[in-house]
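Chains as they are written, first to last, in my numbering: chain X, 83 to 440; chain G, 304 to 595.
Where a beta carbon is used, it is the ideal one built from N, C-alpha and C, also for glycine.
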C-alpha cells in the first residue's frame, strides 16, 4: 500500500508569497498522476513538497498511510527524476545508480544485481562504466531513470523529465515511461506543462492553476467535461475556440451572430462559449460561417484557421476560430465555409468566475 | 622563388610591447642576473668578483642554516596551505547555507582579502606585543608559557596564524563561488539519495569542488613560499635564531643584509628550481585525479 494523500496542503514562502492554496488529493497505489499547468502555477512546488525538498507550511502529506511531514527526503522512500537529470558528474553511470543504495547500507552483491537489472531494462548496460559527460541527452535521461528505479521506491516523482530532449526522443521516452510505469506498478507523480504529455501519460490528471487544483480526473473526462474555463482552454490541442456571448432569453448572441438551441441561461451576463475545433462539422446549413485565413495540413487532418463571420469582438477585432477537418477539406484563402455544431456538446462558462454553466 | 607574404602592420607589436618589456626587465633580466651571480664570489663591497662555478651552491645548500630554512618552509607551507584551505572551505560551506543576511556574512568574511601581507604582519605585531598584545596576554592567561621572541615554536605559531588569517578570505571567495557553481538539482538529488550531510559533503560536494581546491592549492603554496615574506619581515624577521626563516626570506637576508650576493643568488636559483618541480608535480600527478 503506497498511495499518496495530500490534506489541506499549503505553501507560503517566507516573503509572504503563497504558492499552494490548500490542495487535497488522494493518489491510489500504482496510479500515475500528472500535474499539469502553466509555468509558475505551483505544480513543481507541489511535487517538491511530496519529495521533501520544500517544507510544508500547512496541511499534511502522507505516503503509504504514514505522515511524512517531518521525514527527511531520503527516508520518504521516494525517487525523483529531475528535468536536467542531476546526475553526479564525477561518478560513472554505475556509481550514479548505486550511490543511493550504498548510502542505505545495502550489500554489494544486491546492488550489483539491481543495477544490472535496471540497466538492462533501460538498455544502458553497455555504458555502465562511462561518465555522464560522455553520454547523449537521451542516455542521461535513462541513467536518471535508472537511478530512480534501482531504489525500489514507493513513489516515483518526475519533474518535467522530458523537456530537455528533442521532439522525437521525447515521444519515444514518453511511451517508454508509460510502459515502465505499467510494468512496475509504482505510484507515480509526473509534472509537465505539455498537455499532450499529460493526456497520454496520466491515469488521472490534475490541472493546476495559481496554486489550486482546478480539476482532477481521467484525461478524457477533463477533455469532454471541463469544470472551468481554465481547464477547457488548457486541455486539448489545438486549443478550444472561445467566443464571448450573451443570452437574450431565447438564444446566445455573439456580436451580430445568433446561436439557438441553448437552454435558459442568465440574461445579459458575460459568458464564454467554448467549442472544440473537432466539434465543428462542415454543413452548408450550419450556424457559423467562417472566412478562411489559412489552412495547416497535418497529414491526416487539416486545421482551418479563420474569422467567425458576424461575431465581432468589443474592440472591433474579428473573432478567430479554428476548425479541425479531414485532409480532403482544403479551402482557399478568403473562402467562406459554413459549419455546424451540436449545442449540447458545447460548453458555456461564466466569464468572470470561469465556472461552467452548461 | 615564391614566397607568401602577408601584410604586417607594426601596431600589434606596439600593443604587446609594454608587456614584453615588463617581462624582460622585471623577470628575465633579474633571473638571468641571479643565475650569473650565483657563479660569482664577490667581496663585501662589490669591488671585485671571481668566477667560482658551483662553490656558492655547495656552500649555501650544504649549510645547516639553509637546511633549517628549507625544513621550516616545508612545514610552514604545508600548515598554511592546509589550514587556510580547510578553514575557508568550512566557512564557505556554512556561509552558503545561510539564508538570512547572507550577503552581510559573505562580505564580512571576504573583508581581510584587501589587506596587504605587511599590514597583516603589523597587526599581528600589535596583537602579539608583550606589552599591549591581547593575544599575547591571552595565550599566557590560558596557561601557555608563550613568548614568540624566544621560543621557535611560538614564533612559528605567530607567523602561521597571521599567514592563514590573511589567506582564508581569498580561499573563501573561490570556494563560495565553487559551491554556487554546483547545480542545485545535483544537491537535491544527493539529499534524496543520502541522509547524512557529512557523507553527502565528502561524496558529492567535495569531489565537485576538486578543481577549485586544486587551483587554490597551487595559489596557496605559492603564497606560503613567496608572499608571506611581508608577514615574516614585519613580525619575526626569521627570529629566534633563524627558526622562522623561509627560503625566500633567507635569500633576502643573506643577499641584502649579509651582502652575500653570490650565495643568495644560488639560493634563489635553487628556489626557482624547487617551485618549478613542485608545479610540474602538481599538474602531472594531482590534476589527473580531478574531474572537471
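With three or more CB-CB distances shorter than 8 Å, the stretch 268-285 of chain X counts as touching the stretch 107-118 of chain X.
In the DSSP annotation of this structure, residue 401 of chain X is not part of any alpha helix (DSSP H); the continuous beta strand (DSSP E) holding it starts and ends at 400-408.
Comparing C-alpha distances from residue 424 of chain G to each of G:468, G:324, G:488 shows the shortest one belongs to G:468.
If the five residues before and after residue 477 of chain G are omitted, its C-beta is found closer than 6 Å to the C-beta atoms of 515, 519, all from its own chain and listed in chain order.
Within the model, the alpha-carbon separation for residue 199 of chain X versus residue 359 of chain X is close to 46 Å. Legend: CB atoms of the stretch 217-228 of chain X lying less than 7 Å from CB atoms of chain G are not found in any residue. Counted as a single uninterrupted DSSP element, the beta strand (DSSP E) harbouring residue 108 of chain X occupies residues 100-109.
Neighbours of residue 491 of chain G in chain X, taken as residues whose beta carbon is under 9 Å from its own, are 130, 133, 135, 155, 162, 164, 168 in chain order.
Listed along chain X, no residue sits closer than 7 Å to residue 520 of chain G by beta-carbon distance, the nearest being about 18 Å off. Residues of the stretch 473-491 of chain G with a C-beta less than 9 Å from any C-beta of chain X: 486, 487, 488, 489, 490, 491, listed in chain order. With fewer than 16 neighbouring CB atoms inside 10 Å of its own CB, residue 261 of chain X falls in the exposed class. For residue 510 of chain G, the closest Cβ of chain X is nearer than 8 Å. By the C-beta density criterion, residue 316 of chain G is exposed, having fewer than 16 other C-beta atoms within 10 angstroms. Bridge partners of residue 440 of chain X according to DSSP: none are assigned. Only those residues of the stretch 182-212 of chain X whose C-beta falls short of 7 Å from the nearest C-beta of chain G are listed: 182, 185. Counting every other CB atom within 10 Å of its CB across the protein chains shown gives residue 434 of chain G a total below 16, marking it as exposed. Using a CB distance below 9 Å, no part of the stretch 333-366 of chain X faces chain G. A residue is called buried when at least 16 other Cβ atoms come within 10 angstroms of its Cβ; residue 500 of chain G does not meet this threshold and is exposed. Cβ neighbours of residue 401 of chain G within its own chain (closer than 6 Å, five residues either side excluded): 408.
For residue 171 of chain X, the closest Cβ of chain G is nearer than 8 Å.
Counting of Cβ neighbours within 10 angstroms places residue 341 of chain X among the buried residues, the total reaching 16 or more. Restricted to the stretch 366-439 of chain G, the alpha helix (DSSP H) segments that are unbroken, complete and at least 4 residues in length are 367-400, 405-413, 420-430, listed in chain order. When X:334, X:160, X:323 are compared, the shortest CA-CA separation from residue 230 of chain X is found for X:160.
Scanning X:128, X:170, X:97, X:120 for the CA closest to the CA of residue 485 of chain G turns up X:170.
Of the residues G:531, G:430, G:357, the one whose Cα lies closest to the Cα of residue 375 of chain G is G:531.
Remark: C-beta atoms of residue 389 of chain X and residue 339 of chain X do not approach each other more closely than 8 Å.
Among the residues facing chain X, residue 507 of chain G is included, as its CB has a counterpart in that chain under 8 Å away. Residue 396 of chain G is outside the set of residues whose beta carbon lies under 8 Å from a beta carbon in chain X. When Cβ pairs closer than 8 Å are counted between the two stretches, the stretch 126-144 of chain X is seen to touch the stretch 237-250 of chain X, the count reaching three or more. Within the stretch 485-524 of chain G, the runs of alpha helix (DSSP H) that reach at least 4 residues and sit entirely inside it are, in chain order, 487-496, 500-503. Counting along the chain, residue 361 of chain X sits inside no alpha helix (DSSP H), nor does DSSP assign it H or E at all. Pairing residue 100 of chain X with residue 137 of chain X, the inter-Cα distance amounts to about 13 Å. In the DSSP assignment, residue 379 of chain X is bridged to X:384. Taking the Cα positions, residue 548 of chain G is about 25 Å away from residue 348 of chain G. Classified as exposed, residue 339 of chain G has fewer than 16 neighbouring CB atoms from the shown chains inside 10 Å of its CB.
By alpha-carbon distance to residue 329 of chain X, the top candidate from X:253, X:370, X:275, X:433 is X:433.
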